[in-house]
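In the numbering used here, the protein residues as written are 12 to 240.
Cβ coordinates follow ideal geometry from the N, Cα and C atoms, glycine included.
Below you'll find the structure, written out as structure tokens, and then a few comments.
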């Protein structure tokens with residue numbers, strides 16, 4: 012695959028699925044796995060923070076970073092001095108990576124310590140990251156990353172200038188080897204524990220946004236944008 016490519020403007024049918032592979036089929040709780048695009052995309056689109064894993068100098072490294080989705084591609088950006096981003100552009104082979112996204116929806120408290128769990132939604136993407144050098148694709152990617160955090164923000168802020176673009180590296184990861192995993196519901200207590208005097212149930216967990224706080228030097232005539240939470 013070349014290092015540059017045009018941004019994707021179309022996506023496969025959302026009802027179609029990703030083909031399971033040895034790396035995307037879980038060894039435990041296979042009934043929680045999902046491979047349809049609608050489920051995968053919904054989990055990705057509800058997040059903006061991912062963890063990017065790769066091997067550096069023979070040792071595993073995992074970095075938290077922002078990402079954006081455009082069709083069947085994920086984009087990650089960072090400094091041009093970043094080791095993983097330099098490695099992704101160091102050869103036509105790209106950089107093998109594993110990218111993960113996780114939402115915690117509830118704390119599952121069982122009567123036994125063994126059966127405590129989480130309700131969650133997660134996506135794991137395996138593949139090869141490539142540096143994006145095409146100017147138009149870089150623009151689309153950077154806007155997507157900004158809008159992944161706050162939808163609509165890219166059109167309400169100054170775009171990067173030439174100096175800033177020169178200091179920014181962008182890599183893409185195609186959604187090909189992908190799986191989602193989801194847990195819902197209450198605790199799975201053993202029958203022998205049902206009569207024990209311990210509270211059992213789920214503590215819901217959800218993200219919370221506070222009231223936006225304006226910058227100290229903001230013109231008082233500029234109100235809070237309607238797109239903010």
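Reduced DSSP secondary structure (H/G/I, E/B, other) of residue i
| i | result |
| --- | --- |
| residue 60 | strand |
| residue 177 | helix |
| residue 222 | coil |
| residue 103 | coil |
| residue 193 | strand |
| residue 229 | coil |
| residue 50 | helix |
| residue 152 | helix |
| residue 203 | helix |
| residue 39 | coil |
| residue 55 | helix |
| residue 72 | strand |
| residue 45 | strand |
Residue environment, residue i, which counts as buried when at least 16 other CB atoms sit within 10 Å
| i | result |
| --- | --- |
| residue 232 | exposed |
| residue 142 | buried |
| residue 50 | buried |
| residue 237 | exposed |
| residue 29 | buried |
| residue 241 | The requested residue 241 does not occur in the structure, where the chain is confined to residues 12 to 240. |
| residue 186 | buried |
| residue 58 | buried |
| residue 119 | buried |
Euclidean distance between Cα positions of residue i and residue j
| i | j | result |
| --- | --- | --- |
| residue 121 | residue 53 | 29 Å |
| residue 36 | residue 226 | 47 Å |
| residue 211 | residue 131 | 18 Å |
| residue 70 | residue 41 | 29 Å |
| residue 220 | residue 116 | 16 Å |
| residue 81 | residue 110 | 15 Å |
| residue 206 | residue 200 | 10 Å |
| residue 168 | residue 157 | 10 Å |
| residue 194 | residue 129 | 7 Å |
| residue 55 | residue 112 | 7 Å |
| residue 170 | residue 239 | 19 Å |
| residue 47 | residue 190 | 8 Å |
| residue 196 | residue 176 | 46 Å |
| residue 9 | residue 209 | Only positions 12 to 240 of the chain appear in the structure, and residue 9 is not among them; the question remains open. |
| residue 163 | residue 74 | 26 Å |
| residue 114 | residue 45 | 15 Å |
| residue 83 | residue 148 | 14 Å |
| residue 230 | residue 224 | 13 Å |
| residue 39 | residue 222 | 41 Å |
| residue 213 | residue 104 | 46 Å |
| residue 32 | residue 155 | 28 Å |
| residue 2 | residue 133 | No statement about residue 2 is possible, as the shown extent of the chain runs from 12 to 240 and does not include it. |
For residue j and residue i, believed in contact at Cβ under 8 Å, the rounded distance
| i | j | result |
| --- | --- | --- |
| residue 63 | residue 76 | 6 Å |
| residue 43 | residue 192 | 5 Å |
| residue 140 | residue 108 | 5 Å |
| residue 79 | residue 152 | 6 Å |
| residue 91 | residue 180 | 5 Å |
| residue 198 | residue 126 | 6 Å |
| residue 136 | residue 184 | 6 Å |
So within the segment 112 to 169, which uninterrupted alpha helix (DSSP H) runs reach at least 4 residues, ignoring any that extend past its ends? Fully enclosed alpha helix (DSSP H) runs of 4 or longer: 146 to 160.
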